[in-house]
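Participant: Provided herewith is a single structure, encoded as structure tokens, for subsequent inquiry.
Residue numbers (my numbering): 2 to 180.
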């Protein structure tokens, strides 16, 4: 996959200290990754890069929303996204990204591309079970939701205490009360 130029940070010319970068993530970003789970995206990503003499520290902070479909009703809704992530970039003999929080790049590297980290940060912030907020508070009117209510098993509201109980259960209940 070809890296997007706007997510490449040339850190070699930066002074030692903190530097801020802002990115606006929209649907085109996820189309580049061929990720089709989102209907629409509007996310602000703030990256704080702290350059030190021997390493780089990156702090990612995302906020915004993604428009996704509900798992129960397939109705689209805006899911709020907030997430943070810290990454340490060290210099070594060869490229190594086996550790989640530490990236090792070869000596002589002068820039770093952060698009993959932003992509993963946003995708992992979306809940596994996507439920429309209207389902929880009862404000969503949907044909699918009505059909689910109609087909759901009904609980017996009027329990008759005179129901016939298997006598074996009565014997077992005595074990609980015989102390």
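C-beta atoms are modelled at their ideal positions from N, C-alpha and C, and glycine is treated no differently.
(1) What are the start and end residues of the alpha helix (DSSP H) that includes residue 134?
(2) In this structure, what does DSSP give as the bridge partners for residue 9?
(3) Have a look at the DSSP bridge pairing and note the partners of residue 87.
(4) The beta strand (DSSP E) with residue 37 in it runs from where to where?
(5) Which term fits residue 96, buried or exposed, when burial requires 16 or more other beta carbons within 10 angstroms of its beta carbon?
(6) Which residue wins for smallest C-alpha separation from residue 61, given the options 137, 167, 138, 118?
(7) Around the C-beta of residue 122, are 16 or more other C-beta atoms found within 10 angstroms, so that it is buried, or is it exposed?
(8) Please report the straight-line C-alpha distance between residue 23 and residue 49, rounded to a whole angstrom.
(9) Among 59, 73, 69, 71, which one has its Cα closest to the Cα of residue 88?
(10) Kindly indicate the opening and closing residues of the beta strand (DSSP E) around residue 20.
(11) Going straight from the alpha carbon of residue 6 to that of residue 81, what length do you get?
(12) Going by the C-beta, is residue 153 closer than 7 Å to any heavy atom of the ligand PLP?
(13) Applying the criterion that 16 or more other CB atoms from any shown protein chain within 10 Å of the CB defines a buried residue, is residue 133 buried or exposed?
(14) Between residue 19 and residue 11, what straight-line distance do the alpha-carbon atoms span, to the nearest angstrom?
Facilitator: Short version:
(1) 134-138
(2) 114
(3) 60
(4) No beta strand (DSSP E) holds residue 37; DSSP gives it neither H nor E.
(5) exposed
(6) The shortest Cα separation from residue 61 among 137, 167, 138, 118 belongs to 118.
(7) Buried: at least 16 other Cβ atoms inside 10 Å.
(8) Inter-residue distance for residue 23 and residue 49 is about 9 Å (C-alpha atoms, whole angstroms).
(9) 59
(10) 18-27
(11) 27 Å
(12) Although the ligand PLP was asked about, the structure shown includes no ligands whatsoever.
(13) buried
(14) 14 Å
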